[in-house]
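Shown next, in structure tokens, is the structure this report addresses.
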Amino acid sequence: MSDNGGTRGLKPKHQRLVLVSLALVALIGASLLAVWGLRSQANYFYLPDQLVASPPPAGQAIRLGGMVAEGSIQTMGDGITIAFIVTDQKEARVPVMFSGILPDLFVENSGVVAEGALDAKGVFQAENLLAKHDENYVPKELQEMSEHQAAKMAEETTLGLD
Amino acid sequence: MHGFANPTRFLKLANWLTPALIAGGLVLTAISLVWGLFYVPPDRLMGETVRILFIHVPSAWLGMGGWTAIAISSLVFLVWKHPLAALAARASAVPGMVFTALCLITGSIWGRPTWGTWWVWDGRLTSMLVLLFLYAGYIALAQASARDGGSSKIPAIFGLIGAINIPIINRSVVWWNSLHQPPSLTVGKSAIDPAFLVPLLIAVIGFSLLFGGVVLARMRALLAEFQAEARLRRKAMEAV
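Note that the protein sequences, when read in sequence, are chains A and B. So the first sequence is numbered by the numbering used here: it starts at 2 and just counts up by one. So the second sequence is numbered by the numbering used here: it starts at 515 and just counts up by one.
Structure below.
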């Protein structure tokens, strides 16, 4: 045991294991602190309730992400400007105006990320829209089939009522 | 474990395992890609572009898996000084980088029609790009230290430090609001319909077998290089 120089009689490989483990623990601790510090800065967008709770100054370029509220998409008189409402599960609602080409996945009840700024009236003026896909993958046929089945079921249950 | 640290025993195993892994990987990858490209139904929202899933997801998995292999091998090398572990780490770097690049490229192509953009600087995309740069740094470092006859310690330490990025990539969509969707597959739960999930799992297994085969082949090549150099050195000594 005198050849390894360890005062507690540790084998060299165990000494290395302890050293590497200590270094890793320190490293993980440091990066967790860094990630914690980045927590609010590294968000790609504001959620509607964050925007409502602490609105950034009007005109500051930000991104807003959430769901397009059901039935909220309206086309303005000029035919290219649309207005809609971005919402979340917490009932916060932010009105958005946008004129330009819409991404294919931009539909009601679907995720959206808008780039732009709040105006003086609290309306979010978007310069660019990105569609956000959720984590669900569902075949087209399956969705159509379930709608078809639902229609069939409704037909069957209402049969004879009229 | 210690038995496989012996290069002769390793070669005996690798000689038949390498072609077996590559053949198995090619068959499974071919099955999953034909299935995914021609027989899977289009997605409810994304339509036909969902087929990129079958290359994008296995590539992402192996891009991160490659660095995990580097980190584990580096740990084994630093603590137990197995020379084969250093070799395994070096051999995993290039295939890992190729899959990371494939993940970024397919993701970008997929993002254009689905999100409406080729690239955004959100947490997931940025941390994956950092992984690509880490691979480039690791490969340069490992090559430099091998060429100058230096120890494999420095690339091993770099491999361990870089592993911090792996959980960050994995958690980025949970910690931060990101354009990239949250994980579809979590322990015991899948948001992917079986029509997509089954060929996806076959693709992941197929890509992984190919990855393992390539790493073993590269380890054999590196070993052969060392042996050839050692033989030349011995001959040079005898000549003097």
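Beta carbons: idealized from backbone N, C-alpha and C, even for Gly.
Identify which residue in the options has its Cα closest to the Cα of residue i.
i         : options                                    : result
Glu109(A) : Leu119(A), Ala127(A), Ile83(A), Ala118(A)  : Ile83(A)
Trp37(A)  : Ala717(B), Tyr649(B), Ser686(B), Pro669(B) : Ser686(B)
Ile466(B) : Glu562(B), Leu551(B), Lys526(B), Val571(B) : Examination of residue 466(B) is not possible in this model, given that chain B is present from 515 through 754 alone.
Pro713(B) : Glu562(B), Ile584(B), Pro555(B), Phe568(B) : Phe568(B)
Ala605(B) : Arg626(B), Val701(B), Trp581(B)            : Trp581(B)
Gly60(A)  : Tyr138(A), Ala127(A), Pro140(A), Asp135(A) : Ala127(A)
Pro13(A)  : Gly561(B), Val548(B), Val593(B), Val541(B) : Val593(B)
Ala607(B) : Leu589(B), Val590(B), Ala585(B)            : Ala585(B)
Leu103(A) : Asn137(A), Gln42(A), Ala118(A), Thr76(A)   : Thr76(A)
Arg638(B) : Pro609(B), Tyr649(B), Pro696(B)            : Pro696(B)
Phe125(A) : Leu106(A), Phe99(A), Phe107(A), Gln16(A)   : Phe99(A)
Ser665(B) : Pro627(B), Ala615(B), Ser588(B), Asn684(B) : Ser588(B)
Val728(B) : Gln741(B), Met611(B), Lys667(B)            : Met611(B)
Trp689(B) : His15(A), Leu34(A), Ala43(A)               : Ala43(A)
Leu131(A) : Ala650(B), Trp635(B), Tyr652(B)            : Trp635(B)
Leu547(B) : Ala742(B), Leu711(B), Gly726(B)            : Leu711(B)
Leu25(A)  : Ile675(B), Pro555(B), Gly579(B), Leu598(B) : Ile675(B)
Using DSSP with H/G/I as helix, E/B as strand and the rest coil, what is residue i?
i         : result
Val36(A)  : helix
Phe125(A) : strand
His584(B) : A small fix is needed here, since residue 584(B) is Ile in this sequence, not His. It is helical.
Gln741(B) : helix
Gly112(A) : strand
Lys703(B) : strand
Ile678(B) : coil
Leu106(A) : coil
Pro609(B) : helix
Pro555(B) : coil
Leu119(A) : strand
Gly561(B) : strand
Ser665(B) : coil
Ser100(A) : strand
Pro57(A)  : coil
Lys595(B) : coil
Asn684(B) : helix
Val754(B) : coil
Val634(B) : coil
Asn529(B) : helix
Gly10(A)  : coil
Trp629(B) : coil
His694(B) : coil
Gln16(A)  : helix
Ala70(A)  : coil
Consider the Cβ of residue i: report whether some Cβ of chain A lies at a distance smaller than 8 Å.
i         : result
Phe710(B) : yes
Thr760(B) : Chain B is shown only over 515 to 754; residue 760(B) falls outside these bounds and no answer can be derived.
Leu589(B) : yes
Met560(B) : yes
Met515(B) : For Met515(B), the predicted structure reports a pLDDT of 49, less than 50, and the residue's modelled location is therefore unreliable. The matter cannot be settled from this model.
Trp633(B) : no
Trp530(B) : no
Gly577(B) : no
Pro697(B) : yes
Val571(B) : no
Pro555(B) : yes
Kindly examine the ligand GDP and report whether one of its heavy atoms sits closer than 7 Å to the Cβ of residue i.
i         : result
Gly637(B) : With respect to small molecules bound, the structure shown includes none, and the ligand GDP cannot be examined in it.
Using a beta-carbon distance below 8 Å, is residue i in contact with chain B?
i         : result
Leu52(A)  : no
Gly123(A) : no
Lys14(A)  : yes
Asn110(A) : no
Leu28(A)  : yes
Glu136(A) : yes
Val114(A) : yes
Leu131(A) : yes
Arg94(A)  : no
Val69(A)  : no
Ala43(A)  : yes
Val97(A)  : no
Glu85(A)  : Correcting the residue type first, residue 85(A) is Phe in the shown sequence and not Glu. With 8 Å as the cut-off, Phe85(A) does not count as an interface residue toward chain B.
In the DSSP assignment, what residue or residues form a beta bridge with residue i?
i         : result
Ala132(A) : Val113(A)
Tyr138(A) : Ile706(B)
Gln75(A)  : Ala84(A)
Tyr47(A)  : Leu65(A)
Val95(A)  : Val87(A)
Subject >> Cβ contact check for the segment 633-651 of chain B and the segment 671-679 of chain B: 3 or more pairs under 8 Å >> reply: With the cut-off at 8 Å, the segment 633-651 of chain B and the segment 671-679 of chain B touch.
Original post:
Contact between the segment 112-124 of chain A and the segment 63-79 of chain A: three or more CB pairs below 8 Å?
Top reply: Cβ pair count under 8 Å is three or more, so yes.
Original post:
Is it a yes or a no for the segment 534-544 of chain B touching the segment 693-705 of chain B, going by three-plus beta-carbon pairs under 8 Å?
Top reply: Touching, no, given that fewer than three Cβ pairs across the two stretches are closer than 8 Å.
Subject >> Cβ contact check for the segment 85-96 of chain A and the segment 45-52 of chain A: 3 or more pairs under 8 Å >> reply: Enough Cβ pairs lie closer than 8 Å, so yes.
Subject >> Three or more C-beta pairs below 8 Å linking the segment 521-533 of chain B and the segment 727-747 of chain B >> reply: Contact holds: three or more Cβ-Cβ distances are below 8 Å.
Original post:
Touching or not, the segment 620-629 of chain B and the segment 739-753 of chain B, by the rule of three or more beta carbon pairs under 8 Å?
Top reply: Per the Cβ contact rule, the segment 620-629 of chain B is not in contact with the segment 739-753 of chain B (fewer than 3 Cβ pairs under 8 Å).
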